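Trainee:
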Amino acid sequence: MPINSIKNYDRNPRVHDDRQITKLASTIRKAGFLVPIIVDASNEVVSGHGRLAAAIALGLKEVPGIRVSHLSPEVIKAYRLADNRLGELSHWDATALALEFKDLAAVELDLEILELTGFETAEIDLHIQSLDEDSYRILLDGMFRCMAM
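Below, the structure is given as structure tokens:
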């Protein structure tokens, strides 16, 4: 879909700051444009304002897009909100997240791959460190239980 044919929704309540757009652009540059922009029948963005801004920052002329013309204006408004809100309702499994980071770090990938995660290097280190501390605590707890028997 040509970028110049896509219109931003002026009342998008989700704010995308420069830092996020830079990270999105980096992700698109490294992994490709994997999540299409969703537009309505008039090519106004329903979902993907941040991805569109990142594509513009990268100088892309076209992006993957999906046009939805079967939804009412009210459903589109509600979907815009849901698309942004529903992700906020989930949470991270700290152990699983730390294990993923530990796996990536163990392969000694270049820093660009770790940046692809969207996390800062210091955050990744803290998650891995917390896993190591948790593992140590679990080991000690097990040892103390065995000694108490």
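Take 1 as the starting number for the sequence shown in UniProt numbering and just add one per residue. Note that the Cβ used here is the ideal one computed from N, Cα and C, for glycine as well. Since we're looking at a predicted model, the values are computed, not measured.
#1: Where do the N-terminal and C-terminal ends of the alpha helix (DSSP H) with SER26 fall, by residue?
#2: Which residue wins for smallest C-alpha separation from GLY48, given the options HIS70, ALA82, LEU126 and ILE124?
#3: Classify SER47 as helix, strand or coil using the three-state DSSP reduction.
#4: Taking 6 Å as the limit between beta carbons, can you name the residues of its chain near VAL15, skipping five residues before and five after?
#5: Between HIS91 and ILE6, what straight-line distance do the alpha-carbon atoms span, to the nearest angstrom?
#6: Kindly give me the distance between the Cβ atoms of ALA31 and LEU116, rounded to whole angstroms, as I take these residues to be in contact under 8 Å.
Mentor: So, from the listed chains and residues:
#1: 18-31
#2: ALA82
#3: strand
#4: none
#5: 32 Å
#6: 6 Å between Cβ atoms; contact.
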